[in-house]
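Trainee:
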Amino acid sequence: MRRIDVKEIENTVRNLCIKANLYLGEDVIKAFEQAEKKEASPVGKEIIKNLIKNAEIAKNEEMPICQDTGMAVFFIEVGQEVQLVGGNISEAINEGVRRGYKDGYLRKSVVKDPLIRENTKDNTPAIIYYDMVPGENIKITFAPKGFGSENMSKTKMLKPSDGVNGVIDFVTKTVMDAGPNPCPPIVVGVGIGGTIDKAAVLAKKSLTRPIGSHNEKEHLREIEEMLLRKINNLGIGPQGLGGNTTALAVHVESFPTHIAGLPVAVNINCHAARHEEIIL
Amino acid sequence: MTIKKITTPLTKEKVENLKAGDTVYISGTIYTGRDAAHARLIDTINKGEELPFEVKDAIIYYVGPTPAKPGKPIGSAGPTTSYRMDDLTVPLLEKGLTGMIGKGLRNQKVIDGMKREGAVYFAAIGGAAALIADSIKKAKIIAYEDLGPEAVRKLEVEDFPAIVVIDHEGNNLYETEREKYAKSEEDK
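Protein sequences, first through last, are from chains P and A. Residues in the first sequence are numbered consecutively from 1, following the numbering used here. Residues in the second sequence are numbered consecutively from 281, following the numbering used here.
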């Protein structure tokens, strides 16, 4: 049994919060560079160049890539051979968020109650998903989620007879309706199957995959490629000002479901597709 | 693509010179305000009370910046999505607001109000928050400090980069440009 002090998790979370918000991942920058070459619209090309420049300024001046430093979302894989000591893991994660958002001069965007709307002033609580896995490690994935894109996300319970075409139409329509609002070029996360909540979590988790990666299942990989082509043919383009780079990637994940249903969730991420992971 | 330099106050005369598609660099004073601040501004108008700044010929930037690091006037400061302010915009246009900076679509009610009152809607690059912050030279909270990132700030900007997306005649770049690049599957 390996013992891990939750203080180590707190410190790791603090650092992840700052790192993810200040430094855009190499996968995203590479996707920008490829898109800039292929973009047909001169305005679109200029916008992508500016996004690359923005990431450089953020890195050099150590300031956030985007002012919306997001709601703090974590996917935690806990090895079942790990014994957590020194306190409660969820409290440690929230304390790490508190420290990271303060020390990194990140925006505190969370309100205590969705209707009363008083700011918690420390960006907590975080949203945390735990998975028990074999082994003696803990993997922490952090993905700050801005709400310009979160607000454009949708779920729908399709009929089994709607099939793959129903899924494709729903995802494409969701992106079309979102238009310029979620800060294209976007990354589109799609969760298919499970229950309504499972599909939504799958869609969100798929956004933490490196941009350009594909689902291992052949039929899902084909759907990813087809959706990316269809979405980029919508003409929305960078910032919705026209062009053929509406999405940088489409990530699809699936889960077994009930004979009566076909849940689909679309979670949209803006171009600041921030995600960082670390294994303790 | 035409590049135009404009300085505030944004008079009606200047508004009439701006066309959808123009790239602009804005200099002078602009004010920040997003969701919660807009709700308070409208509440103030409805009660017949004085607004915390002169709205006539002013530009409001929809932004909630990150906290400023020591020695800096402001943190990262990109635009937030504008449609959330749609239900709260027309009363400000009626008070003489001539410019709005944000990102994304506006509803027909806002566009009609812009045409009627003579106003322009600029888009800044969403997410390019570090780049945009470079054009903000001074920032000061002037109202609703308790709202934190949503407080109303008075900004002094130099060559703030934006694009005219909807002009005072209602020409809408989001509609015209998308059509140019949309491809049907049969084209493949």
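Cβ atoms here follow ideal geometry from the backbone N, Cα and C, with glycine treated the same way. Nothing here was measured: the structure is a model prediction, and the numbers come from that model.
Would residue 432(A) pass as a contact of residue 288(A) if the rule is Cβ separation under 8 Å?
Mentor: Within the second sequence, residue 432(A) is the residue found at index 152, counting from 1. Within the second sequence, residue 288(A) is the residue found at index 8, counting from 1. Their beta carbons are not under 8 Å apart, which means residue 432(A) does not touch residue 288(A) by this criterion.
Trainee: Please identify, using Cβ separations under 7 Å, the residues of the stretch 320 to 354 of chain A that lie next to chain P, in order along the chain.
Mentor: Taking 7 Å as the Cβ-Cβ cut-off against chain P, the residues of the stretch 320 to 354 of chain A that qualify are 343, 344, 345, 346, 347 and 349.
Trainee: Report the neighbours of residue 458(A) on chain P: residues whose CB is nearer than 8 Å to its CB, in chain order.
Mentor: In the second sequence, counting from the first residue as 1, residue 458(A) sits at position 178. Those are 179, 234, 235, 236, 237, 240 and 242, listed as they occur along chain P.
Trainee: So what's residue 404(A) in DSSP terms, helix, strand or just coil?
Mentor: To locate residue 404(A), count along the second sequence from 1; it is residue 124. Coil.
Trainee: Which of the three DSSP states is assigned to residue 90(P) in this structure?
Mentor: Here residue 90(P) is taken as the residue at index 90 of the first sequence, counted from 1. Three-state result, residue 90(P): helix.
Trainee: Give every residue of the same chain whose Cβ lies closer than 8 Å to the Cβ of residue 284(A), excluding the five residues on either side of it in the sequence, and list them in chain order.
Mentor: By one-based count along the second sequence, residue 284(A) stands at place 4. If we look at residue 284(A) and ignore the five residues flanking it on each side, its Cβ neighbours are 297, 298, 302, 303, 304 and 305.
Trainee: Who are the neighbours of residue 363(A) on chain P, taking C-beta pairs under 7 Å?
Mentor: Mapped onto the second sequence, residue 363(A) falls at position 83. What residue 363(A) touches in chain P: 181.
Trainee: Go through its chain and collect everything with a Cβ distance to residue 81(P)'s Cβ below 8 Å, but skip five positions before and after it.
Mentor: Here residue 81(P) is taken as the residue at index 81 of the first sequence, counted from 1. So the list reads 1, 2, 134, 135 and 136, once near-sequence residues are dropped.
Trainee: List, in chain order, every chain A residue whose beta-carbon is nearer than 8 Å to that of residue 17(P).
Mentor: For this step, residue 17(P) is matched to residue 17 along the first sequence. Simply none; closest approach about 12 Å.
Trainee: Would you verify that the beta carbon of residue 371(A) is, or is not, closer than 8 Å to some beta carbon of chain P?
Mentor: Position 91 of the second sequence, counted from the start, is the residue given in the question as residue 371(A). Output row for residue 371(A): interface = no.
Trainee: Give the interface partners of residue 435(A) over in chain P, defined as CB-CB distance under 9 Å, in chain order.
Mentor: Stepping through the second sequence from its first residue, residue 435(A) is reached at position 155. Within chain P, no residue comes near residue 435(A); the closest Cβ sits about 13 Å away, beyond 9 Å.
Trainee: Tell me the DSSP secondary structure of residue 380(A) in three-state form.
Mentor: Here the question's residue 380(A) lines up with position 100 in the second sequence. Of the three classes helix, strand and coil, the one that applies to residue 380(A) here is strand, per DSSP.
Trainee: At the 8 Å Cβ level, is residue 405(A) part of the contact set with chain P, yes or no?
Mentor: By one-based count along the second sequence, residue 405(A) stands at place 125. Cβ-Cβ to chain P under 8 Å: yes for residue 405(A).
Trainee: Mapping DSSP to helix, strand and coil, what is residue 335(A)?
Mentor: For the purposes of this step, residue 335(A) is taken as the residue at position 55 of the second sequence. Correct three-state label for residue 335(A): coil.
Trainee: Measuring only the C-alpha atoms, how far is residue 29(P) from residue 347(A)?
Mentor: Sequence index remark: in the first sequence, residue 29(P) carries index 29 (1-based). Sequence index remark: in the second sequence, residue 347(A) carries index 67 (1-based). Cα to Cα, residue 29(P) sits roughly 25 Å from residue 347(A).
Trainee: Are the C-beta atoms of residue 317(A) and some chain P residue less than 8 Å apart?
Mentor: Translated into positions along the second sequence, residue 317(A) becomes position 37. It does not: the Cβ of residue 317(A) has no partner Cβ on chain P nearer than 8 Å.
Trainee: 8 Å is my cut-off, CB to CB: does residue 378(A) come that close to chain P?
Mentor: The residue you call residue 378(A) lines up with position 98 of the second sequence. No, residue 378(A) does not count as interfacial toward chain P.
Trainee: Do residue 393(A) and residue 337(A) count as a contact pair if the criterion is CB distance below 8 Å?
Mentor: Sequence index remark: in the second sequence, residue 337(A) carries index 57 (1-based). Sequence index remark: in the second sequence, residue 393(A) carries index 113 (1-based). Result no, Cβ atoms of residue 337(A) and residue 393(A) do not sit closer than 8 Å.
Trainee: Give me the Cα-Cα distance between residue 389(A) and residue 216(P), rounded to the nearest whole angstrom.
Mentor: Locating residue 389(A) in the second sequence gives position 109, counting from the first residue. Locating residue 216(P) in the first sequence gives position 216, counting from the first residue. Straight-line Cα distance between these residues: approximately 47 Å.
Trainee: Compile a chain-ordered list of the residues in the stretch 92 to 107 of chain P whose CB is closer than 7 Å to at least one CB of chain A.
Mentor: From the stretch 92 to 107 of chain P, only 105, 106 and 107 have a Cβ closer than 7 Å to chain A.
Trainee: Quick check: the stretch 6 to 18 of chain P against the stretch 85 to 102 of chain P, are at least 3 beta-carbon pairs closer than 8 Å?
Mentor: These segments touch.
Trainee: Give the range of the beta strand (DSSP E) segment to which residue 78(P) is assigned.
Mentor: The sequence position of residue 78(P) within the first sequence is 78, counting from 1. From DSSP, the beta strand (DSSP E) with residue 78(P) extends over 71 to 79.
Trainee: Anyone know if the C-beta pair for residue 205(P) and residue 74(P) falls short of 8 Å?
Mentor: On the first sequence, position 205 is the one that residue 205(P) refers to. On the first sequence, position 74 is the one that residue 74(P) refers to. Cβ atoms of residue 205(P) and residue 74(P): not closer than 8 Å.
Trainee: Taking three-plus beta-carbon pairs below 8 Å as touching, is the stretch 323 to 341 of chain A in contact with the stretch 41 to 50 of chain P?
Mentor: Output reads no: the stretch 41 to 50 of chain P does not touch the stretch 323 to 341 of chain A.
Trainee: Keeping to the same chain, check which residues put their C-beta closer than 7 Å to that of residue 319(A); ignore five residues upstream and five downstream.
Mentor: Walking along the second sequence from the start, residue 319(A) turns up at place 39. Counting only Cβ-Cβ distances below 7 Å, and skipping sequence neighbours, we find 368.
Trainee: Within this structure, are the beta carbons of residue 49(P) and residue 36(P) separated by less than 8 Å?
Mentor: In the first sequence, residue 49(P) corresponds to position 49, counting from 1. In the first sequence, residue 36(P) corresponds to position 36, counting from 1. A contact, by the Cβ cut-off of 8 Å.
Trainee: Using a Cβ cut-off of 8 Å (strictly closer), state whether residue 14(P) contacts chain A.
Mentor: Start at 1 with the first residue of the first sequence, and residue 14(P) comes out as number 14. Taking Cβ atoms only, chain A never reaches closer than 8 Å to residue 14(P), which makes this a no.
Trainee: When you compare the CB positions of residue 71(P) and residue 159(P), do they come within less than 8 Å of one another, or not?
Mentor: Here residue 71(P) refers to the residue found at position 71 when the first sequence is read from its first residue. Here residue 159(P) refers to the residue found at position 159 when the first sequence is read from its first residue. No, the Cβ-Cβ distance between residue 71(P) and residue 159(P) is not below 8 Å.
Trainee: Would residue 273(P) pass as an interface residue toward chain A - the criterion being a Cβ-Cβ separation below 8 Å?
Mentor: Counting from one through the first sequence, the residue named residue 273(P) turns up at place 273. Not closer than 8 Å to any Cβ of chain A, the Cβ of residue 273(P) fails to qualify, so no.
Trainee: Does DSSP classify residue 43(P) as helix, strand or coil?
Mentor: To locate residue 43(P), count along the first sequence from 1; it is residue 43. Helix, per DSSP.
Trainee: Measuring only between beta-carbons, confirm whether residue 69(P) sits less than 8 Å from chain A.
Mentor: Translated into the one-based positions of the first sequence, residue 69(P) becomes position 69. Answer yes: the Cβ-Cβ gap between residue 69(P) and chain A drops below 8 Å somewhere.
Trainee: Scan the stretch 167 to 214 of chain P and note each continuous alpha helix (DSSP H) run of 4 residues or more that stays entirely inside, going in chain order.
Mentor: If we require 4 residues or more, the alpha helix (DSSP H) runs fully inside the stretch 167 to 214 of chain P come out as 196 to 206.
Trainee: Using a Cβ-Cβ cut-off of less than 9 Å, give me the residues of the stretch 156 to 170 of chain P that come near chain A, in sequence order.
Mentor: So the list is empty, because no residue satisfies the distance condition.
Trainee: Under 7 Å from any heavy atom of the ligand SAM, does the C-beta of residue 260(P) make it?
Mentor: The ligand SAM is absent from the structure shown, which contains no ligands of any kind.
Trainee: Taking 8 Å as the threshold (beta carbon to beta carbon), is residue 360(A) in contact with chain P?
Mentor: Taking the second sequence and counting its residues from 1, one reaches residue 360(A) at position 80. Closer than 8 Å to some Cβ of chain P, the Cβ of residue 360(A) qualifies, so yes.
Trainee: Is the shortest distance between the beta-carbon of residue 267(P) and the beta-carbons of chain A less than 8 Å?
Mentor: What you label residue 267(P) is simply residue 267 of the first sequence in a count that begins at 1. Closer than 8 Å: no.
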